[in-house]
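Below is one structure; the comments refer to it alone.
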Amino acid sequence: MERRVVITGIGPVTPIGIGKDDFLDSLMNGRSGVETCNIPGASYYGTPACAEVKNFDLDSILSGDLTCGLVSKKAYNKLSKHCDRAIQFAVGGTRLALSDSGLEYDRENNNVGCFFGNAGECMQSYETQIKLTIQRVLR
């Protein structure tokens, strides 16, 4: 049996745009997301420029649709308070892709899947845990 995959929607969360329309507009107009780095602690790495995702707001992406099939209200509250920013990007991008697809998501429907990726992993969480470990060792 031949398996087929259909890409029905995209949900980019990038330095040049969040959502399909902003992302495409930036691509078409040659905008770069690279600029002087203002991330706290970035000077440690000696890099004067970076490509930071700005103006990301998970609340506005989910826009009151907390039970959109992706996350329950309880899970959303935990996600927005405790999860790494990269995980929030993944959930937001997934929601944007579902919206772009026009599909009605139903947990009972096994014919809908979602693949998402993250190139930066969860560096913020790694850094936090390393700092906590060092603090414990130095006590």
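First residue of the sequence shown: -8, per our numbering; consecutive thereafter. Idealized CB from N, CA, C, for every residue including glycine. Keep in mind it's a predicted model, so treat the numbers as computed, not measured.
For residue i, does the three-state DSSP call read helix, strand or coil?
i, result
"residue 118", "helix"
"residue 58", "Per-residue confidence for residue 58 stands at a pLDDT of 44, beneath the threshold of 50, marking its modelled position as unreliable; no derived number is given."
"residue 131", "Given that the chain is displayed from residue -8 to residue 130, the structure contains no residue 131 and the question cannot be resolved."
"residue 8", "strand"
"residue 75", "coil"
"residue 85", "helix"
"residue -8", "coil"
"residue 68", "helix"
"residue 94", "coil"
Between the alpha carbons of residue i and residue j, how many angstroms are there, rounded?
i, j, result
"residue 50", "residue 93", "20 Å"
"residue 58", "residue 129", "Any answer about residue 58 is weak, because its pLDDT of 44 lies below 50 and its placement is not dependable; what the coordinates show is given next. Spanning the two alpha carbons is a distance of roughly 44 Å."
"residue 65", "residue 53", "14 Å"
"residue 117", "residue -8", "42 Å"
"residue 10", "residue 68", "22 Å"
"residue 22", "residue 31", "24 Å"
"residue 14", "residue -4", "23 Å"
"residue 5", "residue 124", "31 Å"
"residue 88", "residue 79", "14 Å"
"residue 42", "residue 20", "17 Å"
"residue 121", "residue 127", "10 Å"
"residue 25", "residue 95", "36 Å"
"residue 27", "residue -6", "45 Å"
"residue 33", "residue 72", "23 Å"
"residue -1", "residue 44", "24 Å"
Tell me which residue opens and which closes the beta strand (DSSP E) that residue i is part of.
i, result
"residue 25", "25 to 27"
"residue 42", "40 to 42"
Is it buried or exposed, residue i, if we count other Cβ atoms within 10 angstroms and call 16 or more buried?
i, result
"residue 131", "Nothing in the structure corresponds to residue 131, since the chain is present only between -8 and 130."
"residue 86", "buried"
"residue 8", "buried"
"residue 40", "exposed"
Between residue i and residue j, how many whole angstroms is the CB-CB distance? I'm expecting something under 8 Å.
i, j, result
"residue 91", "residue 2", "6 Å"
Locate the alpha helix (DSSP H) running through residue i, then write down its first and last residues.
i, result
"residue 53", "49 to 53"
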